Amino acid sequence: MVNKIVLLGETVDETAATEETKGEVSKPEDPETSAVRKKVIAQRKVLYDANEMEVSKRWTFEEGIKRPYFHVKPLERLQLKNWRDYLDFEVGTGNHRRVVILFERCVIACALYEEFWQRFASYMEVHDCVDGCRSVYDRACRVHLPSKPHIHLAWAAFEEKHENVDKAREILEKLDSVVPGLGYVKLRRANLERRCQEIPNARAIYEQAITENTDAQLVSFYSIKYAKFLTKFAKNVDKAREVLKAALEKDKENKRLYLQLLDLELTMPETNEEKVDEIFELVKNSSLSEEIKESFSQRRLEFLEDFSSNIVKITKAQEAHNKLYKSKTNQATGKKRPSDEGPDAAAKVAKTDDTSNQFNNVYDGTTDYSAIAGYAANSAYNYNTTAQWPGYGTAQQPGYNYGNWYQQYGQTYAH
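No gaps in the numbering here: position 30 of the sequence shown is 49 in the working numbering, and each next residue is one more.
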């Protein structure tokens with residue numbers, strides 16, 4: 020049976036068409052066509068090999084991407100690490116187009132992660148893509164991360180850097196309204212106004228921060244910042260004193276307020292001895308610990324020694340300090356000396372004799388100083404051997420523990 024097909028309204032014998040096609044394929048290729056084909060294939064082979072090599076470099080990262088789409092469920096740590104490593108690799112190659120494409124893929128899967136948006140924006144800014152950087156910040160802050168503070172602060176800094184102060188102000192004000200209570204946002208707003216020479220606006224922000232907070236520690240924190248601002252930029256020292264003293268009424272045991280008051284007076288062009296004495300009297304009559312009061316008393320002696328012109332006043336302050344604190348120190352540290360009589364008396368005498376002989380040898384003119392050096396390096400106390408005393412081999416926390424103090428305020432702002 021002969022099969023027929025209809026092509027453009029004409030009936031064609033399918034068998035004949037197939038035979039005709041087979042006949043055409045089986046024709047020998049002329050040398051010129053064969054040479055052209057080989058040349059084209061050779062050119063394409065170079066591109067193919069280069070593309071295959073680049074694909075092989077990235078194949079491990081591509082296989083590590085398990086979720087290339089957006090989802091509210093957090094990504095696994097291995098997934099995040101894979102994206103970080105992939106971006107590091109691509110940025111290292113230096114191909115801007117590939118880097119941008121990879122960043123766009125990354126912020127789809129990692130849309131809820133602030134670090135990737137920030138890294139994308141920083142990359143665009145470094146490569147002078149101002150509009151692209153602004154677009155990244157806009158998408159991140161308005162769509163995906165409306166309540167994340169750090170990306171907003173970075174966007175505001177970017178706009179201020181490019182002289183778009185109004186936009187920076189708008190970003191910070193919106194963030195302050197969306198996430199109220201963040202101390203560093205208030206400070207960033209105030210400092211923005213200060214840099215723009217808008218002193219009244221900055222004062223209004225500080226005063227609002229002080230009045231709207233009921234926590235005494237937060238009020239003290241803002242008051243200290245406001246007092247510094249008033250002293251250095253508003254040139255209103257009297258107002259600065261008033262702010263600090265008002266904060267002291269609410270937080271009488273805050274050592275930093277007294278220190279700021281004292282620093283305020285000591286940094287004046289002409290030091291007022293009476294005002295400094297008033298601060299020391301405030302500390303003396305406060306409910307601060309005796310240890311803190313003693314440190315302020317010592318500072319008072321140093322101040323009088325350096326600035327006072329009245330020797331009587333200096334000596335009286337020294338006598339009062341010694342009477343009040345030296346006696347307490349002796350009472351706290353004084354102990355009855357144990358009797359020299361007893362079973363250990365002979366050992367003590369022998370130890371004393373050995374020590375005396377060591378000192379005699381040191382001062383002897385024929386002393387071998389290299390031996391003394393060896394003794395110092397390998398003494399019985401052996402301070403260099405930390406294995407025997409593990410507690411001394413590790414860093415100790417500073418006594419005043421300023422890091423925890425700042426963490427305390429950071430945790431307060433987070434609420």
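We put the CB at the ideal spot given by N, CA and C, even for glycine. Treat the numbers as computed from the prediction; the structure is a model and nothing was measured.
Between the CA atoms of residue j and residue i - distance to the nearest angstrom
i    : j    : result
D282 : R319 : 13 Å
G111 : E284 : 54 Å
V162 : Q137 : 14 Å
P199 : R260 : 28 Å
R222 : K312 : 33 Å
L301 : S316 : 11 Å
G418 : K274 : Low per-residue confidence applies at G418: pLDDT is 40, beneath 50, and the placement is therefore not dependable enough to give any value.
S72  : R63  : One point to set straight first is that residue 72 is Met, not Ser, in the sequence displayed. The alpha-carbon atoms of M72 and R63 are separated by roughly 14 Å.
S314 : K335 : 17 Å
K332 : L276 : 26 Å
G393 : K345 : With a pLDDT of 39 at G393, under the threshold of 50, the modelled position of that residue is not reliable, and no figure is offered here.
K76  : V119 : 18 Å
H340 : I170 : 53 Å
A235 : L249 : 20 Å
E7   : L211 : Because residue 7 is not part of the residues shown, which for the chain are 20 to 434, the question remains open.
D68  : S154 : 36 Å
T404 : E321 : Note that T404 scores a pLDDT of 37, beneath 50, so its modelled location is shaky; the value from the coordinates is reported in the next line. Their Cα atoms are separated by approximately 40 Å.
A54  : H146 : 45 Å
D49  : L66  : 27 Å
L258 : I224 : Residue 258 is actually Lys in this sequence, not Leu. Distance between the alpha carbons of K258 and I224 is about 15 Å.
Q216 : D157 : 27 Å
Y425 : E293 : Because Y425 sits at a pLDDT of 40, beneath the cut-off of 50, its placement in the model cannot be relied upon, and the point is left open.
L237 : R207 : 16 Å
K264 : Q98  : 54 Å
A369 : L343 : For A369, the predicted model reports a pLDDT of 45, less than 50, meaning its position is unreliable; a value from the coordinates is still stated below. Taking the straight line from one Cα to the other gives about 41 Å.
G412 : E310 : Residue placement at G412 cannot be trusted, given a pLDDT of 38 that sits under 50; what the coordinates show is reported in the next sentence. Their backbone Cα atoms lie some 29 Å apart in a straight line.
D270 : G202 : 18 Å
Beta-carbon spacing of residue i, residue j below 7 Å
i    : j    : result
F135 : C129 : yes
A266 : S239 : yes
I7   : L280 : The structure shown does not extend to residue 7, since the chain is modelled only from 20 to 434, so the question has no answer here.
F89  : I127 : yes
A173 : E179 : no
E133 : K167 : yes
A253 : I218 : yes
A228 : K251 : no
F139 : Y105 : no
F326 : T286 : no
A209 : I190 : no
V256 : S242 : no
N70  : G83  : no
E109 : R117 : yes
Short CB-CB distance (under 7 Å) between residue i and chain C
i    : result
K247 : Absent from the structure is chain C; it holds one protein chain and no more.
Cβ distance (whole Å) where residue i is taken to contact residue j below 8 Å
i    : j    : result
L307 : E272 : 6 Å
P87  : R124 : 7 Å
V8   : H181 : Here the chain comprises residues numbered 20 to 434, so residue 8 is not present and cannot be evaluated.
F177 : C152 : 7 Å
Legend entry - Contained alpha helix (DSSP H) runs [length at least 4] in the segment 50-97, N- to C-terminal order: 50-83
Legend entry - Within the segment 261-336, ranges of the alpha helix (DSSP H) (whole runs, at least 4 residues): 274-285, 292-303, 309-326
Inset, instruction - Could you name each continuous alpha helix (DSSP H) segment of 4 residues or more that falls completely within the segment 107-146, going from the start of the chain to the end? - result: 115-128, 133-145
Inset, instruction - Could you tell me which uninterrupted alpha helix (DSSP H) segments, each at least 4 residues in length, are contained entirely in the segment 152-219, listed from first to last along the chain? - result: 168-180, 184-197, 202-214
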